[in-house]
Structure formats: structure tokens, C-alpha cells
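Before any comments, here is the structure.
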């Protein structure tokens with residue numbers, strides 16, 4: 761069984777938590793639109809690429825949504841892009 765490499769930094773998202781996109785932006789592998797609501801699934805780190813990927817799913821879509829951030833980038837920028845949304 762291959763070894764699973766955990767990201768080296770703490771994850772700012774909660775598994776199964778819901779997050780609204782605060783402003784439209786392009787990411788390395790995806791494009792996010794203001795107002796979209798996503799559910800966080802997992803994170804993964806690539807030592808080779810120097811990136812951490814944060815994986816989301818969206819209601820009524822089979823596609824996985826991905827926000828990547830470089831190892832040298834400030835993780836706190838997530839607060840400018842996403843906000844946790846409580847589901848009632």
C-alpha cells in the first residue's frame with residue numbers, strides 16, 4: 761500500500777464543512793465564481809509540485825473542485841476567497 765503524504769501545514773477547512781466563494785477567481789486547476797457554495801472533502805500535498813490541493817464538491821455536480829496553493833504562499837489568503845457557511 762502506498763504511503764499517504766499529509767500536507768505539512770494545518771488545513772484551514774473542516775471536512776464536510778460548507779464554504780461560500782467570496783469573489784470570483786482563477787486557480788491553477790479550476791475557476792471559482794462568487795456565491796458558489798462548496799463542501800470541503802480533503803487536502804493533499806505534492807512534494808514534487810510544491811503545492812497543497814484543497815478538494816471540494818458542489819451540489820448537483822460530479823466534478824471535483826480544487827484550489828491549489830504553493831508551499832511559499834500564505835495560507836491565510838483563504839479568508840479572502842472563502843467563508844464558512846453554516847447549513848441549517
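Numbering (the working numbering), first residue to last: 761 to 848. Glycine included, C-beta positions come from ideal geometry on N, C-alpha and C. The model shown is predicted, which means the values in this text are computed figures rather than measured ones.
For the alpha helix (DSSP H) containing residue i, list its first residue and its last residue.
i: residue 840; result: 838-841
Taking the beta strand (DSSP E) that residue i belongs to, which residues open and close that run?
i: residue 814; result: 811-817
i: residue 824; result: 824-830
If you draw a straight line from the alpha carbon of residue i to that of residue j, how long is it in whole angstroms?
i: residue 781; j: residue 808; result: 28 Å
i: residue 818; j: residue 800; result: 9 Å
i: residue 772; j: residue 844; result: 10 Å
i: residue 846; j: residue 778; result: 7 Å
Taking all protein chains shown into account, decide if residue i is buried (16 or more other Cβ within 10 angstroms of its Cβ) or exposed.
i: residue 813; result: buried
i: residue 803; result: buried
i: residue 825; result: buried
By the three-class DSSP mapping on this structure, what secondary structure does residue i have?
i: residue 806; result: strand
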